[in-house]
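FYI, the numbering for the sequence shown is 58 to 211, going by my numbering.
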Amino acid sequence: MLVVPAAAVAHRGHASLTVMEIDAATGAVKISHRMAAHDVEPALSVIAPDEQQSLDDPAAVRALEAYAGRAFQVWDADGHRVTLTHRDTILAGDSVELVYTAQLPAPAKSVSVDSNLFEDAHDDQENQVNVRRGKVTKTAVFRLGDGAQKISFD
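The structure is reproduced here in C-alpha cells:
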C-alpha cells in the first residue's frame, strides 16, 4: 500500500496580494502586485498563449505586465478610470512582483478597485488588495465574478 503524506496531495490555492499606497497630499499611487511564480507560469497559457509558459521568456513577461495593467483597475472618487503605468518587474525565485504607478486627484479620500488577476486562468483565484492612505490600511478581497469595491478614508 502506498501512503502519501497529506501535504503532498493537498490542493494549493491560487492567490495574489496587491498593496496600493496612496499619498494623501499629492494623490500619487504606487501599486505592487505580489504572486507566486508557480501560480503565474501556468496562467501564461491564457495570458500569452503564443509564448513559453515561463518567466524566463521575456515576451511572456511583457505580456504578463500588460495583462496585469488591464486586469487590475482603479477609479477615482468621481468614477473616472485611472491610468496605471508599469514601473518595474521583480523576479526572485518563486516570487513575482509587478509595480505600477498612478495619479489620483488629491486628497484621494475615496477610490474604487477591481482585481481580476488570473481569474481567467484559475477558478479558485483569490486576490487580496490592501489600500493604504496615511496610517490607515483597508482590505478588499476579490474572487471570481466579484465586481469593483469602493474604499473610502475619513
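Just so you know, even glycine gets a beta-carbon here, dropped at the ideal spot from N, CA and C.
Where DSSP assigns a beta bridge to Gln-206, which residues make up the other side? Your numbering for residue 206 matches position 149 in the sequence shown. Looking at the DSSP assignment, Gln-206 forms a beta bridge with Val-170.
With a cut-off of 8 Å on the beta carbons, I'd call Arg-138 and Val-156 a contact; round off their distance for me. Counted from its first residue, the sequence shown places residue 138 at position 81. Counted from its first residue, the sequence shown places residue 156 at position 99. About 20 Å; that fails the 8 Å criterion.
State the beta-bridge partners of Lys-195 as determined by DSSP. Taking the sequence shown and counting its residues from 1, the one referred to as residue 195 is at position 138. Beta-bridge pairing links Lys-195 to Val-188.
Rounded Cβ spacing between Ala-134 and Ala-82 (contact assumed at less than 8 Å): Numbered from its first residue, the sequence shown carries residue 134 at position 77. Numbered from its first residue, the sequence shown carries residue 82 at position 25. Contact flag wrong, Cβ pair sits at about 16 Å.
Cβ-based burial, Ser-172 [other Cβ within 10 Å; buried from 16]: Start at 1 with the first residue of the sequence shown, and residue 172 comes out as number 115. Around the C-beta of Ser-172, 16 or more other C-beta atoms lie within 10 Å, and the residue is accordingly described as buried.
Bridge-paired residues (DSSP) for Glu-108: Taking the sequence shown and counting its residues from 1, one reaches residue 108 at position 51. Paired residues: none, contrary to the question.
In whole angstroms, what is the alpha-carbon distance linking Val-193 and Ile-208? Position 136 of the sequence shown, counted from the first residue, corresponds to residue 193. Position 151 of the sequence shown, counted from the first residue, corresponds to residue 208. Straight-line Cα distance between these residues: approximately 11 Å.
Ser-152 versus Gly-84: straight-line alpha-carbon distance, rounded: In the sequence shown, the residue the question calls residue 152 occupies position 95. In the sequence shown, the residue the question calls residue 84 occupies position 27. Those two C-alpha atoms are separated by around 29 Å.
Please name the residue or residues paired with Glu-154 in a DSSP beta bridge. Sequence index remark: in the sequence shown, residue 154 carries index 97 (1-based). Partner(s): Arg-91, Ile-147.
Beta carbon of Ala-93, beta carbon of Ile-104: below 9 Å? Position 36 of the sequence shown holds residue 93. Position 47 of the sequence shown holds residue 104. No. Outside cutoff.
Quick one: is Asp-180 buried, meaning 16 or more other Cβ sit within 10 Å of its Cβ, or exposed? The residue labelled residue 180 in the question sits at position 123 within the sequence shown. Asp-180 is exposed by the Cβ-count criterion.
Specify the secondary structure class of Ala-85 as computed by DSSP and reduced to three states. In the sequence shown, counting from the first residue as 1, residue 85 sits at position 28. Residue state, collapsed to three classes: strand.
Is Phe-210 near Ser-73, with beta carbons less than 9 Å apart? Locating residue 210 in the sequence shown gives position 153, counting from the first residue. Locating residue 73 in the sequence shown gives position 16, counting from the first residue. Taking 9 Å as the Cβ cut-off, Phe-210 and Ser-73 do not qualify as a contacting pair.
When DSSP builds the beta bridges, which residues end up paired with Arg-138? As a position in the sequence shown, residue 138 is number 81, starting the count at 1. Answer is Trp-132.
Classify Ala-165 as helix, strand or coil using the three-state DSSP reduction. Position 108 of the sequence shown, counted from the first residue, corresponds to residue 165. Correct three-state label for Ala-165: coil.
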